[in-house]
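Input: a single structure, listed below in structure tokens.
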Ligand SMILES: Nc1ncnc2c1ncn2[C@@H]1O[C@H](COP(=O)(O)OP(=O)(O)OP(=O)(O)O)[C@@H](O)[C@H]1O
Ligand SMILES: [Mg+2]
């Protein structure tokens, strides 16, 4: 009897999270539909055009999508290797003293407000890039700085989740490797890491979702105004950056801009979903299940 | 110099401990052990629970120092060299003195890869398929797994997993194999298989085995070290070391006699 109550409570809480997701998608979808019902919008143009300029009536999603993907890719390029390296160091090498020193630093990094990171990108990372690569190469507002700083923001997240996954690998596996004369590095990279891959894939997925959805840093540092370019040193507005900018002022209900926000939100949702599925597939190929 | 004379005069000695003490932080778990392990013989370590058998065994290939806070004092001489000399690399030690654990711990890799991995990290250049087959044959596992080498090592039964772990240890081609109660989690049939296997391996390897099982020690081993907590220090030590049949038929120490005849405690 008691068991049944607990079980249905647990089922309800699981159902609740699904219900929330469905509700969000429904709401976004309903408003996005309004967007496509507006006379000036054609679906074909939206998915093929590389111009997004609401005031001239151009609504092609590609400039927003590419800049979202580029900033996210730069961020993951920093956050994934660095985060994994730190996680491996913490779980396989660090002495208790080093751990107790490093972990609070990571927690502080993760706790800094993203607006601060945004201005850090603008007033530190951008000048740094410009002084290294040249002022004519790197724009003042550019996707690269925003992506790099976003990587620093996401790294502690990946570190902490990956470290949990690595620490959960049974000690007996490490002992087996050491007992055969494996070095620490061989043990960490060839035994512990593959065994922890499912947990690490969760870290990667959370990291990607965070990067795609991150708003403040790109709004401040990546540039205002959609721009279809693959050059990370140019300025280009991301989906999230665009949403904050146009929703910032006096946005009237039922205008094209208003409806486009919901469409963009839905787009963001599907990009995240697609990347999640992709990375899960990718990781599943290499992981080794220990239970 | 003296070491050289000793090793050449008694070539059958592979491992010899001298006043070996092992600590967990300040706690002395093993005190003053002087014993030896002879080449191509099976040496059993027996004694009641908690007397330091595992600790002693793991000090023979410096596995014990992986436990934070543990350290050893004294010497373990292997091939004429003190393993605890600061110049000695513990990775090298474990390469030459392999280990099989109480609970089978195959890697979550394929059966094939479980064996090939150890050889590969040590730069094995020969035919890997041949090595995998020969190790599995030596571990009396080949016939059971030859058709499913690509399956996970964890998909095997407990006894098969333990034989896989033995095969894996062989792939590294160690001189000595340390076994910590390798059959304690297995049923009598699987245990018998492991025991037969150990007897077989004696031809090419030196084996040290910890066991709780008196009959097992009597059945498989050539030499036996009897460990017990010494009353004064509450630390485990070897109270008697001799040929197995002497330990089991006419032990010198009353405590050994009580223990091996089951009258202990
Ligand atoms: N990691 C550890 N940290 C602290 N003390 C330990 C540790 N491992 C073992 N000890 C202590 O060292 C002593 C010897 O332990 P050990 O595991 O070597 O005994 P054992 O003879 O192998 O026992 P068993 O037959 O139950 O396996 C015990 O008093 C134990 O509490
Ligand atoms: Mg033990």
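Protein chains in written order, with the numbering used here: chain A, 1 to 291; chain B, 1001 to 1265. Ideal Cβ placement from N, Cα and C applies to all residues, glycine included.
Shortest gap from the CB of residue 1054 (chain B) to any heavy atom of ligand 2: under 7 Å. DSSP places residue 1016 (chain B) in the uninterrupted beta strand (DSSP E) bounded by 1013-1024. Shown in chain order are the members of the region 164-183 of chain A whose Cβ falls below 7 Å from a Cβ of chain B: 172, 173, 175, 176, 178, 179, 180, 181, 182, 183. Judged by DSSP in its simplified three-state form, residue 1081 (chain B) adopts strand. Of the candidates B:1093, B:1159, B:1051, B:1093 places its Cα closest to the Cα of residue 1065 (chain B).
Collapsing the DSSP output to three states places residue 1239 (chain B) in a strand. Residue burial annotation: residue 68 (chain A) is buried, with at least 16 other C-beta atoms found within 10 angstroms of its C-beta. In the structure shown, the three-state DSSP call for residue 1206 (chain B) is strand. For ligand 2, no non-hydrogen atom lies closer than 7 Å to the CB of residue 1088 (chain B).
Considered as a whole, the region 1134-1221 of chain B harbours 1176-1180, 1206-1210 as its complete beta strand (DSSP E) runs of no fewer than 3 residues, in chain order.
Straight-line measurement puts the Cα of residue 153 (chain A) at about 10 Å from the Cα of residue 78 (chain A). Per the coordinates, the alpha-carbon of residue 92 (chain A) lies some 8 Å from the alpha-carbon of residue 166 (chain A). Under the 8 Å criterion on CB atoms, residue 288 (chain A) is classed as interfacial with respect to chain B. Excluding five sequence positions before and after residue 1020 (chain B), the CB atoms of its chain that fall closer than 8 Å to its own CB belong to 1030, 1032, 1033, 1034, 1056, 1059, 1072, 1073, 1074, 1075, 1076, given in chain order. According to the DSSP assignment, residue 1255 (chain B) belongs to the alpha helix (DSSP H) that extends over 1254-1260. In this structure, residue 1210 (chain B) has its beta carbon less than 7 Å from a heavy atom of ligand 2.
At a Cβ-Cβ threshold of 8 Å, residue 70 (chain A) and residue 147 (chain A) count as neighbours. Judged by DSSP secondary structure, residue 1044 (chain B) falls outside any alpha helix (DSSP H) and instead within the beta strand (DSSP E) spanning 1042-1046. Nearest Cα to residue 229 (chain A) within the set A:267, A:275, A:142, A:121: A:142. Under DSSP, residue 1223 (chain B) shares a beta bridge with B:1043, B:1243.
Around the beta-carbon of residue 220 (chain A), 16 or more other beta-carbon atoms lie within 10 Å, marking it buried.
In the structure shown, residue 1027 (chain B) falls within a strand segment according to DSSP collapsed to helix, strand and coil. Against residue 1122 (chain B), the close residues of chain A are 181, in the order they occur along the chain (beta-carbon pairs closer than 7 Å). Our two residues, residue 115 (chain A) and residue 73 (chain A), have alpha carbons roughly 20 Å apart in a direct line.
Straight-line measurement puts the Cα of residue 36 (chain A) at about 11 Å from the Cα of residue 29 (chain A). Put simply, the CB of residue 92 (chain A) is far from chain B, with every gap to its CB atoms at 8 Å or more. Distance from the CA of residue 245 (chain A) to the CA of residue 271 (chain A), rounded to the nearest whole angstrom, comes to 20 Å. Under the three-state reduction of DSSP output, residue 142 (chain A) falls in the coil class, being neither helix nor strand. Unbroken alpha helix (DSSP H) stretches of 4 residues or longer found wholly inside the region 42-98 of chain A: 43-48, 62-88, given in chain order. Contact of residue 202 (chain A) with chain B is not assigned, every C-beta pair being separated by 8 Å or more. Inclusion of residue 158 (chain A) and residue 203 (chain A) in the CB contact set at 8 Å is warranted, their separation being smaller than that value.
Following the DSSP letters along the chain, one finds residue 1038 (chain B) in no alpha helix (DSSP H) but inside the beta strand (DSSP E) bounded by residues 1036-1038.
Taken residue by residue, none of the region 1181-1199 of chain B has a beta-carbon sitting less than 8 Å from a beta-carbon on chain A.
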